[in-house]
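Each residue of the sequence shown is one higher than the last, beginning at 82 in my numbering.
Single-structure report; data block below.
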Amino acid sequence: MDYQAIIVEKIGRIAVITFNRPEAMNAVNSRLWLETGTALKEFNEDPDLWVAILTGAGDRAFSAGADLKEIGAGGFSTTDEMKEWGFAGIVRHHISKPVIAAVNGFALGGGTEIALACDLIVASEKASFGLPEVKRGLIAGGGGLLRLPRQIPLKVAMRVILTGNPISAEEAKQWGLVNEVVPHDQVLNAAIQLAEEIICNAPLAVKASKEIVYRGLDTSMTFPPEGWSINNEYTSQVFASNDAKEGPRAFAEKRKPNWSGQ
């Protein structure tokens, strides 16, 4: 695809996807939605890429959420695949590999929903998060109302949701929503460093771990033991892999493992 609303850069095994509409505070229009979903699909299918980073162009915004000008002019133009991916090409898009949000400014409404859909969040000290939809007679329909109460304490989430008021990056970190808060000019580098820590590990094991966590979150571990069935399914696959043999062998030989992803 000839990307126009995003920039895709490959740094070793890392895919950096940048929302490239700084003049619109990286608001999500139909083009950005399609391109982001496509880029994430290509990332997910590329065996040479192991971690993705989402960030925004410019110095102010990660994403201001939905492009209200496009909505006012008639709404989004979406394909069936875009609808399956959900808002911004990510909120309902099943991605089996780790995705990091490098939040380089305010992330409001749909911007917060994009960050919530990522596995890890590195935030600029200037970043803020919020779901202000209720202030406009709307609701956060892109997963914000589902994910936020699962990622921070319920009462804290309800304050954010019902008041529509934003919280700072430091407060978001306090409640466990953000992994790291870094100086503004270091947010992307910090996200890349975190990605590099992940890609030191076996890709099959990382993918399987992610699947077990998310598939197991809403399942029982006792009776019926649904969570254990999921755990055992992926554990057997990983332990039968070549990487599972390479890891102990490299440890015994006192060298770095050479992961094949198989």
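The beta-carbon is built from N, C-alpha and C at its ideal position, and this holds for glycine as well.
A quick note: this is a predicted structure, and the numbers were derived from the prediction, not measured.
Buried or exposed for residue i, going by 16 or more other Cβ atoms inside 10 Å?
i: E30; result: As shown, the chain starts at 82 and ends at 343. That puts residue 30 outside it, with no answer to give.
i: L285; result: buried
i: G155; result: exposed
i: D140; result: exposed
i: R102; result: buried
i: F332; result: exposed
i: D324; result: buried
Find the nearest neighbour of residue i within the set the options, judged by alpha-carbon distance.
i: G166; options: L113, A204, L212, G139; result: One detail in the question is off: residue 166 reads as Trp in this sequence, not Gly. Comparing Cα-Cα distances from W166 to each of L113, A204, L212, G139, the minimum goes to L113.
i: V215; options: V203, G245, G222; result: G245
i: S341; options: E327, N101, H265, E334; result: E327
i: D83; options: T119, R102, A108; result: T119
i: R173; options: A198, F157, G153, Q232; result: A198
i: F143; options: G170, S209, P264, L229; result: S209
i: V241; options: H265, V268, G218, G211; result: G211
What three-state label does DSSP hand residue i in the structure shown?
i: F320; result: helix
i: T193; result: helix
i: F332; result: helix
i: L201; result: strand
i: S144; result: strand
i: G349; result: Outside the shown range of the chain, which is 82 to 343, sits residue 349, and nothing can be said about it.
i: A325; result: helix
Exercise for the section: Within the segment 84 to 134, note down every full beta strand (DSSP E) run reaching 3 residues or more, in order along the chain. Expected result: 87 to 92, 95 to 100
Exercise for the section: Give, in chain order, every unbroken run of the alpha helix (DSSP H) that is at least 4 residues long and sits entirely within the segment 157 to 186. Expected result: Scanning the segment 157 to 186 for uninterrupted alpha helix (DSSP H) segments of 4 residues or longer gives 161 to 166, listed from N- to C-terminal end.
Exercise for the section: Count the CB pairs spanning the segment 140 to 152 and the segment 84 to 93 that are closer than 8 Å, and state whether there are at least three. Expected result: no
Practice task
Taking 8 Å as the threshold, find out whether the segment 162 to 180 comes into contact with the segment 291 to 309 through three or more Cβ pairs.
Solution key: yes
Exercise for the section: Could you tell me whether the segment 151 to 165 touches the segment 179 to 199, using the rule of 3 or more Cβ pairs below 8 Å? Expected result: Contact fails: fewer than three Cβ-Cβ distances are below 8 Å.
Handout entry: Runs of beta strand (DSSP E) lying entirely within the segment 205 to 291, each at least 3 residues, in chain order
Key = 209 to 211, 261 to 263
Exercise for the section: Indicate whether the contact test is met: 3 or more Cβ pairs, each with one atom in the segment 219 to 230 and one in the segment 187 to 200, closer than 8 Å. Expected result: yes
Exercise for the section: Would you check if the segment 301 to 320 and the segment 246 to 263 touch, i.e. whether three or more CB-CB distances between them fall below 8 Å? Expected result: no
Practice task
Specify whether the segment 300 to 311 and the segment 267 to 278 touch according to this definition: at least 3 beta carbon pairs, one from each stretch, less than 8 Å apart.
Solution key: no
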